[in-house]
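Note sheet for the following structure.
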């Protein structure tokens, strides 16, 4: 799958492709995390592979964050994320999520 | 341009800034000149730079295709200096309205558009924009019809986003400079639309 | 209480968005400049800066201004990296205070 941005780093292989249904792991470890709390446990669809980037969780601890991890834009239906969502069923939220936070849904 | 010699009452944080800067200069890590130059460089980064990109996309269909495929390269094509920016342009259409937020902090394409406004970094915007975008947009005076899909982009990682608004009616025959003049920062964030005065 | 970082606020109830802006004073611009210089010089990463902002006590996170948070985080990050020491900073702050007068409340 074509990445939006090329990476200069050694990287893990992408496990997902555009259109795949993925679930965000519902765990709450400590440390610096860039997967927002509100989306954990939710199911979305891979919209694109952004590229592979060093893991921010590791960079925050002054480590290299390598090998780089595939980063995806994942699209979620708002009505599925928020039980009380008031807009139309077509509304979505799109979030960049690292591969290690995703599993096949 | 630094405060040495102009002794004003400090807050604790201003004291920290002065102290840190002086220490870093003493250690040879930065110079006062570098700090001043960087301040000047950031002052020069204004939303006008993004407006230029939008206006060109409005008049040049091939440029727009390139912008949507690789916004970083498209900005560089116009001579805009955007070090390290991985930019993604998202296009508003009659069916789709885009809006950008960073719920976790305040990620923003600052190297293109300059420093983001206070409200973008506020608790209220960051909390509510993902959950009730239509209500937040209405507070900005923007009502989006239910037939239009709203896509909220939560900028959590390495990409930065630029909303490419639709070219409004009443701008037929305008040149790029005139078009750029109606493209506001808020339209490129997605909380406003460009309007013909 | 620590399961969800207080910075991780997407979806939480909140008030009306006040479209406030302010013209950034020089000292805030210098904080911004120092962050950019130290990042592009490879001395610190934005991830460490974010981690240190997230680690601020909740009251500080909610009540300090944006650049008050950033100067705090930048300072912590440089101390963690060993680029400056707590002792050096303390002595410099004493020296600056002697020149410029005590901090105001």
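Residue numbers (this note's numbering), protein chains in the order written: chain A, 92 to 196; chain B, 17 to 213; chain C, 3 to 107. Heads up, the beta-carbon is just placed ideally off N, CA and C, and yes, glycines get one too. Here the structure is a predicted model, which means the values were calculated and not measured.
Best match in the options for proximity to residue i [C-alpha to C-alpha]
i: residue 127(A); options: 189(B), 203(B) and 117(B); result: 117(B)
i: residue 152(A); options: 58(C), 66(C) and 82(C); result: 82(C)
i: residue 108(B); options: 85(B), 46(B) and 178(B); result: 178(B)
i: residue 111(A); options: 158(A), 92(A) and 96(A); result: 92(A)
i: residue 62(B); options: 212(B), 194(B) and 127(B); result: 127(B)
i: residue 101(C); options: 210(B), 35(B), 204(B) and 29(B); result: 35(B)
i: residue 118(A); options: 13(C), 5(C) and 42(C); result: 5(C)
i: residue 120(B); options: 173(B), 133(B), 100(B) and 104(B); result: 173(B)
i: residue 95(C); options: 212(B), 29(B) and 194(B); result: 29(B)
i: residue 193(B); options: 26(B), 44(B), 59(B) and 71(B); result: 71(B)
i: residue 26(C); options: 110(B), 86(B), 26(B) and 59(B); result: 59(B)
i: residue 131(A); options: 91(C), 12(C) and 103(C); result: 12(C)
i: residue 96(A); options: 120(A), 136(A), 178(A) and 159(A); result: 159(A)
i: residue 30(C); options: 84(C), 97(C), 86(C) and 67(C); result: 67(C)
i: residue 28(C); options: 26(B), 112(B), 110(B) and 212(B); result: 26(B)
i: residue 130(B); options: 162(B), 204(B), 188(B) and 161(B); result: 204(B)
i: residue 92(C); options: 210(B), 111(B) and 33(B); result: 33(B)
i: residue 190(A); options: 161(A), 178(A) and 135(A); result: 161(A)
i: residue 98(A); options: 157(A), 108(A), 179(A) and 135(A); result: 157(A)
i: residue 85(C); options: 160(B), 43(B), 86(B) and 87(B); result: 43(B)
Coarse secondary structure for residue i, derived from DSSP in three states
i: residue 91(B); result: helix
i: residue 170(B); result: strand
i: residue 184(B); result: coil
i: residue 103(A); result: coil
i: residue 188(A); result: strand
i: residue 13(B); result: Any question about residue 13(B) goes unanswered here, given that chain B covers just 17 to 213.
i: residue 103(B); result: strand
i: residue 146(A); result: coil
i: residue 141(B); result: helix
i: residue 149(B); result: helix
i: residue 302(B); result: The first residue shown for chain B is 17 and the last is 213, placing residue 302(B) beyond what the model contains.
i: residue 51(B); result: helix
i: residue 119(A); result: coil
i: residue 96(A); result: coil
i: residue 39(B); result: helix
i: residue 140(A); result: strand
i: residue 29(B); result: helix
i: residue 213(A); result: Only positions 92 to 196 of chain A appear in the structure, and residue 213(A) is not among them; the question remains open.
i: residue 17(B); result: With a pLDDT of 38 at residue 17(B), under the threshold of 50, the predicted position of this residue should be treated as unreliable, though the coordinate-derived value follows. Residue state, collapsed to three classes: coil.
i: residue 40(C); result: helix
Cβ distance (whole Å) where residue i is taken to contact residue j below 8 Å
i: residue 116(A); j: residue 173(A); result: Going by Cβ atoms, the distance from residue 116(A) to residue 173(A) rounds to 20 Å, so no, they are not a contact pair.
i: residue 31(B); j: residue 105(C); result: 5 Å
i: residue 195(A); j: residue 183(A); result: Not quite, the Cβ-Cβ distance comes to about 20 Å (not below 8 Å), so this is no contact.
i: residue 206(B); j: residue 115(B); result: 3 Å
i: residue 181(B); j: residue 164(B); result: Between residue 164(B) and residue 181(B) the Cβ distance is about 13 Å, and since that is not below 8 Å, they are no contact.
i: residue 11(B); j: residue 96(B); result: Because chain B spans 17 through 213 in this model, residue 11(B) falls outside it and cannot be assessed.
i: residue 51(B); j: residue 39(C); result: 7 Å
i: residue 183(B); j: residue 106(B); result: Residue 183(B) to residue 106(B), Cβ: 15 Å. No contact.
i: residue 229(B); j: residue 16(C); result: Residue 229(B) falls outside the range modelled here, since chain B spans only 17 to 213, and no answer is possible.
Contacts around residue i, its chain only, beta-carbon distance under 8 Å, and the 5 residues preceding and following it disregarded
i: residue 33(C); result: 69, 72, 73 and 76
i: residue 133(A); result: 114, 115, 167, 171 and 172
i: residue 208(B); result: 156, 157, 158, 200 and 202
i: residue 171(B); result: 116, 117, 118, 123, 124 and 177
i: residue 155(A); result: 145 and 149
i: residue 37(B); result: 18, 46, 48 and 51
i: residue 211(B); result: 184 and 198
i: residue 129(A); result: 172
i: residue 88(B); result: 98, 101, 102 and 103
Short CB-CB distance (under 8 Å) between residue i and chain E
i: residue 101(B); result: Among the protein chains in the structure shown, which are A, B and C, there is no chain E.
Nonlocal neighbours in the same chain, by C-beta distance under 6 Å from residue i, ignoring five residues either side
i: residue 51(C); result: 75 and 79
i: residue 3(C); result: none
i: residue 125(A); result: 147
i: residue 54(C); result: 75, 78 and 79
i: residue 121(A); result: none
i: residue 176(A); result: 169 and 170
i: residue 94(A); result: 140 and 142
i: residue 180(A); result: 170
Cβ-based neighbour list, residue i, same chain, cut-off 7 Å, excluding 5 preceding and 5 following
i: residue 8(C); result: 60 and 63
i: residue 164(A); result: 138, 139, 141, 185 and 187
i: residue 91(B); result: 69, 98, 103 and 128
i: residue 111(B); result: 164 and 165
i: residue 123(A); result: 147, 148 and 151
i: residue 186(B); result: 212
i: residue 22(B); result: Note that residue 22(B) has pLDDT 49, beneath the 50 cutoff, so the model's placement of it is unreliable and no number is given.
Near the ligand COA: residue i beta-carbon under 7 Å from a heavy atom
i: residue 135(A); result: The model on display carries no ligand, and the ligand COA is accordingly not part of it.
Determine contact between the region 138–151 of chain B and the region 13–31 of chain C, defined as no fewer than three beta-carbon pairs at a distance below 8 Å. yes
The region 95–114 of chain A contacting the region 137–155 of chain A, beta-carbon criterion three pairs below 8 Å: yes
Inter-stretch contact at 8 Å, needing at least 3 Cβ pairs: the region 46–64 of chain C / the region 149–163 of chain A: yes
Taking one C-beta from the region 148–159 of chain B and one from the region 48–55 of chain B each time, how about it: are there three or more such pairs within less than 8 Å? no
contact_flag[the region 67–78 of chain B, the region 54–62 of chain C] where n(CB pairs < 8 Å) is 3 or more: no
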